[in-house]
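Peer 1: Chains A and B, in that order, are what the protein sequence lines are. Quick note: the first sequence uses the working numbering, first residue 1, plus one each step. Quick note: the second sequence uses the working numbering, first residue 1001, plus one each step. Glycine included, each C-beta is placed from N, C-alpha and C at the ideal position. To start, I am sharing the structure in question, which I have written as structure tokens.
2 protein chains.
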Amino acid sequence: MRIILASKSPRRKELLQTLFQEFECIPSEKEEKITKKLGYKKTAMLLSTQKAGDIFSKTSGDRLVIGSDTVVVLNGKIYGKPKDKQGAFNTLKTLSGKTHVVATGICLIKEQSGVVQMESACVVSKVTFNKLTNEEINNYIESGEPMDKAGSYGCQGIGKKFVKKIDGDFFAVMGLPVNKTYELCKQLDVL
Amino acid sequence: MRIILASKSPRRKELLQTLFQEFECIPSEKEEKITKKLGYKKTAMLLSTQKAGDIFSKTSGDRLVIGSDTVVVLNGKIYGKPKDKQGAFNTLKTLSGKTHVVATGICLIKEQSGVVQMESACVVSKVTFNKLTNEEINNYIESGEPMDKAGSYGCQGIGKKFVKKIDGDFFAVMGLPVNKTYELCKQLDVL
Chain A
1 MRIILASKSP RRKELLQTLF QEFECIPSEK EEKITKKLGY KKTAMLLSTQ
51 KAGDIFSKTS GDRLVIGSDT VVVLNGKIYG KPKDKQGAFN TLKTLSGKTH
101 VVATGICLIK EQSGVVQMES ACVVSKVTFN KLTNEEINNY IESGEPMDKA
151 GSYGCQGIGK KFVKKIDGDF FAVMGLPVNK TYELCKQLDV L
Chain B
1001 MRIILASKSP RRKELLQTLF QEFECIPSEK EEKITKKLGY KKTAMLLSTQ
1051 KAGDIFSKTS GDRLVIGSDT VVVLNGKIYG KPKDKQGAFN TLKTLSGKTH
1101 VVATGICLIK EQSGVVQMES ACVVSKVTFN KLTNEEINNY IESGEPMDKA
1151 GSYGCQGIGK KFVKKIDGDF FAVMGLPVNK TYELCKQLDV L
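See the structure below:
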């Protein structure tokens, strides 16, 4: 079975290697649009489904397409990737000393002998941050790590020292819910 | 300040690199003795303190020595590293489908200008496993990953696909509680 990850994220690629030795990465170029009215769980599922669906429609034959997306939520507000350093500072200042939610959508679309199946899910984790000083935030932004990440931080990089605890799936917060993906792959008989 | 990690674990070394650019690794050769009567939190703290203390006593001058150790606990029983494949199988069969506790002890001993300070803590996390088939367990054991790890699994390697969720500090389960270590280093004025 041809396996396609609908992402260019090096973190998602690294994590999917736990499940598959070989796969392709074809990033979706669909713009991520966040609809505020949808709620964060459905937003995450919708974004991952859009990614998987986009690449599924651009490919053919027997294949499994995997899309995943992550949103960071605090007090009902969804935090995406920062626009600039000031945006990253504001987000990190908001997350400082608090517990926020990370919702990770996962969508798998499989075609085999003309039969198409789809499975999707949302994995919710809670992430608690240390109280951060402005100096810690600015040093972190200068490292460049926050700039391409939802919520302006990476739980697996330099950011790990600021994360007091995670209740849920660490790998979902990192970008791909490995365990849920493994389960869904078994349901779809591709593992 | 000379920084010494009292461990040869590549995982602990990797994680400590989040906090320090340069440090030495000097593994303690003290045999790990688990006293059942102590309770798992104090056992983890004691083991980490023994490691740090061993290397502290073998070195001199201004330095910070860091020791860490992890124990896996289910129903009051402590699971260390497996003795052989059968031991790994038995442990993984026991952890299958259940939530167990991982207690990670961390101990820092610092000497500066003749003044010695020590800080230690225990970080407790809960890890929930998928229900594993015998085939999944045997394949995992054949990968070799379980053999040098407390509880016979690694949450960061192939094992990540079996871990449904972790409530607590992922990096503590992996081997070093990065966030707590960061906090204690700030308390000791070494960061």
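Beta carbon of residue 123 of chain A, beta carbon of residue 18 of chain A: below 7 Å?
Peer 2: It is not a contact, given that the beta carbons lie outside the stated cut-off.
Peer 1: List the residues of chain A that residue 1178 of chain B touches, going by C-beta distances under 7 Å, in chain order.
Peer 2: Per Cβ cutoff of 7 Å: 160 and 161.
Peer 1: Measure the C-alpha to C-alpha separation of residue 1089 of chain B and residue 1020 of chain B and round it to an integer number of angstroms.
Peer 2: If I take the Cα positions, the gap works out to 37 Å.
Peer 1: Could you tell me the distance, in whole angstroms, from the CA atom of residue 1074 of chain B to the CA atom of residue 1104 of chain B?
Peer 2: Straight-line Cα distance between these residues: approximately 15 Å.
Peer 1: Could you compute how far the alpha carbon of residue 155 of chain A sits from the alpha carbon of residue 1117 of chain B?
Peer 2: Distance between the alpha carbons of residue 155 of chain A and residue 1117 of chain B is about 30 Å.
Peer 1: Compute the beta-carbon to beta-carbon distance between residue 99 of chain A and residue 127 of chain A, rounded to the nearest angstrom, for a pair I have assumed lies under 8 Å.
Peer 2: The Cβ separation is near 7 Å, so the contact holds.
Peer 1: So if I threshold CB-CB distances at 9 Å, which residues from the stretch 90–113 of chain A count as touching chain B?
Peer 2: Residues passing the 9 Å Cβ filter: none.
Peer 1: Determine the direct distance from the alpha carbon of residue 1001 of chain B to that of residue 1135 of chain B, and round the result to whole angstroms.
Peer 2: The alpha-carbon atoms of residue 1135 of chain B and residue 1001 of chain B are separated by roughly 49 Å.
Peer 1: Measuring only the C-alpha atoms, how far is residue 1121 of chain B from residue 1052 of chain B?
Peer 2: The alpha-carbon atoms of residue 1121 of chain B and residue 1052 of chain B are separated by roughly 13 Å.
Peer 1: In this structure, does DSSP put residue 140 of chain A in helix, strand or coil?
Peer 2: Note: residue 140 of chain A maps to helix in three-state DSSP.
Peer 1: Please state the DSSP three-state secondary structure of residue 48 of chain A.
Peer 2: DSSP places residue 48 of chain A in helix when its eight states are reduced to three.
Peer 1: Check whether the stretch 1035–1046 of chain B and the stretch 1132–1148 of chain B are in contact - that is, three or more C-beta pairs closer than 8 Å.
Peer 2: Short answer: they don't touch.
Peer 1: Would you say residue 41 of chain A faces chain B, with C-beta separation under 7 Å as the test?
Peer 2: Judged by the 7 Å Cβ criterion, residue 41 of chain A is not in contact with chain B.
Peer 1: Kindly indicate which three-state DSSP category residue 1065 of chain B falls into: helix, strand or coil?
Peer 2: DSSP places residue 1065 of chain B in strand when its eight states are reduced to three.
Peer 1: May I ask you to report which of helix, strand or coil DSSP gives residue 1129 of chain B?
Peer 2: In this structure, residue 1129 of chain B counts as strand in the three-state DSSP scheme.
Peer 1: On the criterion of 16 or more Cβ atoms from any shown chain inside 10 Å, does residue 1133 of chain B qualify as buried, or is it exposed?
Peer 2: That one is exposed.
Peer 1: Does any residue of chain B have a CB that is nearer than 7 Å to the CB of residue 170 of chain A?
Peer 2: Cβ-Cβ to chain B under 7 Å: yes for residue 170 of chain A.
Peer 1: Please return the same chain residues whose Cβ sits closer than 8 Å to the Cβ of residue 22 of chain A, not counting the five positions on each side in sequence.
Peer 2: Result list for residue 22 of chain A: 3, in chain order.
Peer 1: Between residue 1095 of chain B and residue 1131 of chain B, what straight-line distance do the alpha-carbon atoms span, to the nearest angstrom?
Peer 2: Cα to Cα, residue 1095 of chain B sits roughly 8 Å from residue 1131 of chain B.
Peer 1: On a CA-only basis, which of A:109, A:164 and A:159 is nearest residue 189 of chain A? Give me that one, please.
Peer 2: It is A:109 whose Cα lies nearest to the Cα of residue 189 of chain A.
Peer 1: When the cut-off is 7 Å and only beta carbons count, does residue 1137 of chain B lie next to chain A?
Peer 2: Output row for residue 1137 of chain B: interface = no.
Peer 1: Go ahead and pull the three-state DSSP assignment for residue 190 of chain A.
Peer 2: Coil, per DSSP.
Peer 1: Given a threshold of 16 other Cβ atoms within 10 Å of its Cβ, counted over all protein chains shown, does residue 102 of chain A qualify as buried or as exposed?
Peer 2: It counts as buried.
Peer 1: If you draw a straight line from the C-alpha of residue 16 of chain A to the C-alpha of residue 1047 of chain B, how long is it?
Peer 2: Spanning the two alpha carbons is a distance of roughly 35 Å.
Peer 1: How would you list, in chain order, the residues of chain B whose beta-carbon sits under 7 Å from the beta-carbon of residue 18 of chain A?
Peer 2: The answer, in chain order, is 1158, 1160 and 1161.
Peer 1: Could you check the C-alpha separation between residue 1079 of chain B and residue 28 of chain A for me, to the nearest Å?
Peer 2: If you take the alpha carbons of residue 1079 of chain B and residue 28 of chain A, they lie about 45 Å apart.
Peer 1: Rounded to the nearest angstrom, what separates residue 138 of chain A and residue 174 of chain A at their Cα positions?
Peer 2: In a straight line, the C-alpha of residue 138 of chain A is about 22 Å away from that of residue 174 of chain A.
Peer 1: Under the DSSP definition of a beta bridge, which residues are partnered with residue 1122 of chain B?
Peer 2: According to DSSP, which records beta bridges pairwise, residue 1122 of chain B is partnered with B:1105.
Peer 1: Report, in whole angstroms, the separation of the C-beta atoms of residue 125 of chain A and residue 168 of chain A, which I expect to be a contact under 8 Å.
Peer 2: Indeed, because the Cβ distance is near 3 Å, the residues count as touching under 8 Å.
Peer 1: So residue 97 of chain A and residue 129 of chain A are supposed to be a Cβ contact under 8 Å. How far apart are they, rounded?
Peer 2: That belief holds up - the Cβ atoms of residue 97 of chain A and residue 129 of chain A are roughly 6 Å apart, short of 8 Å.
Peer 1: Does the beta carbon of residue 1013 of chain B sit closer than 7 Å to a beta carbon anywhere in chain A?
Peer 2: Not one chain A Cβ lies under 7 Å of residue 1013 of chain B.
Peer 1: Hey, residue 1162 of chain B and residue 166 of chain A: beta-carbon distance below 7 Å or not?
Peer 2: No, Cβ-Cβ distance for residue 1162 of chain B and residue 166 of chain A is not below 7 Å.
Peer 1: How should residue 1067 of chain B be labelled, buried or exposed, when 16 other C-beta atoms within 10 angstroms of its C-beta is the threshold for buried?
Peer 2: Residue 1067 of chain B should be labelled buried.
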